[in-house]
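In the numbering used here, each residue's number is its place in the sequence shown (first place is 1) plus 1.
Don't be surprised by glycine CBs; every beta carbon is placed ideally from N, CA and C.
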Amino acid sequence: MNIVVGLILLLLGLLFLLNNINVVDVDILEIIRTYWPLLLIALGIEVIRVSRKVRGKFRWLKEEAEPEVEGGEIRISRKLGSYDFDFKGKELGSGKIELALGEVKIDIQDAIIREGNNILKISSKMGSVKIKASKKQPLMVKARAVMGEVKIFENRESGLSPEVEYKSDTFETSPSKLTLVIRQLMGEVIVSD
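Written as structure tokens, this is what we have:
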């Protein structure tokens, strides 16, 4: 795959050069407008291939982070990398977690859910969102991706625009409840115990 991307870039560079020194007369903008999706496809294939091949080998990209709490609400925003957030024994309430590219793992199994109806919004552009939760928790999950896979416990959908919802048996009657609203552009969303 690296060879294909390299050849595409080499060919484009050569065409730019030959066009600039008037050796060939090519409408480079038309070529780019027509064939730029090939570069996105090649890049996507490469991201998938590399992430499966070297997952976990680059520990320098992985960060165990403390959740940032601002005004009683969680606020986490990251651009690139792999992040682990562990709420074991910590109070969990409403907030927002955003990731542009990479993997985020959130462990809420042993979290102390704040009293009331708490809404935690999680969004990611490309990568994976993996949440460890318990079916015994007062939990509702609404997860959607534009393209990819969404799996909440046993419920799974994949392809274009998969959407899965889950509500625990204890959600309606509990004084402390958590709603996870997860939005993913491309990649996977997994909620498991």
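Counting along the chain, the unbroken beta strand (DSSP E) around G160 starts and ends at N156 to L161.
The segment 113 to 127 and the segment 81 to 95 touch, with three or more beta-carbon pairs separated by less than 8 Å.
If only uninterrupted alpha helix (DSSP H) runs of at least 4 residues are considered, none is enclosed by the segment 75 to 157. Within the DSSP bridge table, the entry for T180 names I120 and M141 as partners.
Spanning the alpha carbons of G14 and S125 requires a straight line of approximately 33 Å. Our two residues, S177 and S159, have alpha carbons roughly 31 Å apart in a direct line. By the neighbour-count definition (other C-beta atoms within 10 Å, threshold 16), V105 is a buried residue.
Nearest C-alpha to E164 among N20, L19 and R145: R145.
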